[in-house]
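Chemist: This structure is in structure tokens; I'll ask about it shortly.
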Amino acid sequence: MRETPEEVSGLQELLDASIGRSTEHLRNIITDERQLNAEELVRALTGMRTLNLATITKNHEPRISAVDGHFLHARWVFTTAGSAAKARHLKVRPAASISYVDGERIGVFSHGQVEFLTPEHPDFDEIEAHLVAHYGSSPSSWADDIVYARLRPTWMVGYAFDKAAALQTK
Numbered sequence: 174m175r176e177t178p179e180e181v182s183g184l185q186e187l188l189d190a191s192i193g194r195s196t197e198h199l200r201n202i203i204t205d206e207r208q209l210n211a212e213e214l215v216r217a218l219t220g221m222r223t224l225n226l227a228t229i230t231k232n233h234e235p236r237i238s239a240v241d242g243h244f245l246h247a248r249w250v251f252t253t254a255g256s257a258a259k260a261r262h263l264k265v266r267p268a269a270s271i272s273y274v275d276g277e278r279i280g281v282f283s284h285g286q287v288e289f290l291t292p293e294h295p296d297f298d299e300i301e302a303h304l305v306a307h308y309g310s311s312p313s314s315w316a317d318d319i320v321y322a323r324l325r326p327t328w329m330v331g332y333a334f335d336k337a338a339a340l341q342t343k
């Protein structure tokens, strides 16, 4: 867990606002007993998670692909090739949706804007160190055009069918 108390508090505000403006249908699924709070999400989302990333083409058609995601400082971070369709879409239309779903165990759904992080960004070094520790090498070494991206969420909810089981450490 790398989140500061302020980041956890901000995440909780986002979660509360998001569920508050969700449809009745979603609130009937993500009941109070199944809703993950910020502290629970931060605990449950350690390590790499395979994310579903939805982007929009120039013809306004949705596209979905998978990325390795890391939940750092209450934000999803991922890398990809700059030549990948998803990177090209996001550079022009940064709106994106990300979901992480592990069967009925846990689901996290987010919408927001993607920002690209260059080595000059103040958060880059910490993100790079985390990724190197996880993968054993820098994503930048995998290809000439790797980009680092982070979702700035404007809406997020977390769900667990059985919270106790979902929050057990592996």
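Residue numbers (the working numbering): 174 to 343. Beta carbons: idealized from backbone N, C-alpha and C, even for Gly.
#1: Do you know how far the Cα of residue 176 is from the Cα of residue 336?
#2: Short of 8 Å in beta carbon distance, which residues of its chain neighbour residue 291, apart from the five on each side in sequence? Order them along the chain.
#3: Give me the Cα-Cα distance between residue 284 and residue 178, rounded to the nearest whole angstrom.
#4: Suppose the cutoff is 6 Å on Cβ atoms and the five residues either side in sequence are ignored; what does the same chain contact list for residue 255 look like?
#5: Any idea which residues DSSP pairs residue 361 with across the strands?
#6: Find out if the Cβ-Cβ distance for the pair residue 328, residue 184 is shorter than 9 Å.
#7: The alpha helix (DSSP H) that contains residue 182, what's its start and end?
#8: Out of 244, 194 and 305, which has the shortest C-alpha to C-alpha gap to residue 214?
#9: In whole angstroms, give me the CA-to-CA distance for residue 268 and residue 339.
Modeler: According to the data block:
#1: Going from the Cα of residue 336 to the Cα of residue 176 covers about 21 Å.
#2: These residues qualify, in order along the chain: 297 and 321.
#3: 23 Å
#4: 318 and 320
#5: Absent from the structure is residue 361, since the part of the chain shown begins at 174 and ends at 343.
#6: no
#7: 178-193
#8: 244
#9: 29 Å
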